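In the numbering used here, the protein residues as written are 102 to 246.
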């Protein structure tokens, strides 16, 4: 592999890592525009047993989240494999904390036990703008409260 190929692969790995971290940062901040934009037009996110197809379905599902929900998704053991310049796959674990309140919180939420530890497999594509998007997101809980 020459230097150009190595540099392109590193760019892809970092781009995918950023897409994954940006997705969960936005989800935890309730920034549903950023979360839904992370999905490719034909992307599928299998979330809580439901296949959400495309950004509009993701936005609609997340709009049903309780207003007082606060989450923290801690991404660990992230590995990205570049398939070619426009496609990659990733696997990682998330440690998730969640608190549900009757109304949006100000200040810190109470810290309880973690909700779950899940294993994720994802496929990403580089969009026309050069930004990596999800074409397939799915996870399986390995530990649950």
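Cβ atoms here follow ideal geometry from the backbone N, Cα and C, with glycine treated the same way. Just so it is clear, the structure is predicted and the values come from calculations on it, not from any experiment.
Report the three-state DSSP secondary structure of residue i (helix, strand or coil).
i, result
"residue 231", "coil"
"residue 152", "strand"
"residue 206", "coil"
"residue 201", "strand"
"residue 157", "helix"
Under the rule that 16 or more other beta-carbon atoms within 10 Å means buried, what is residue i, buried or exposed?
i, result
"residue 234", "buried"
"residue 223", "buried"
"residue 212", "exposed"
"residue 111", "exposed"
"residue 167", "exposed"
Taking the beta strand (DSSP E) that residue i belongs to, which residues open and close that run?
i, result
"residue 173", "170 to 185"
Between which two residues does the alpha helix (DSSP H) containing residue i stretch?
i, result
"residue 116", "104 to 129"
"residue 134", "133 to 138"
(message) Contact between the region 182 to 199 and the region 106 to 120 is defined here as three or more beta-carbon pairs at a separation below 8 Å; is this criterion met?
(response) yes
(message) With a threshold of 8 Å, are at least 3 pairs of Cβ atoms found where one atom belongs to the region 162 to 173 and the other to the region 123 to 139?
(response) Yes, the region 162 to 173 touches the region 123 to 139.
(request) Spell out a yes or no on whether the region 104 to 111 and the region 205 to 212 are touching, meaning 3 or more CB-CB pairs, one atom from each, closer than 8 Å. (result) no
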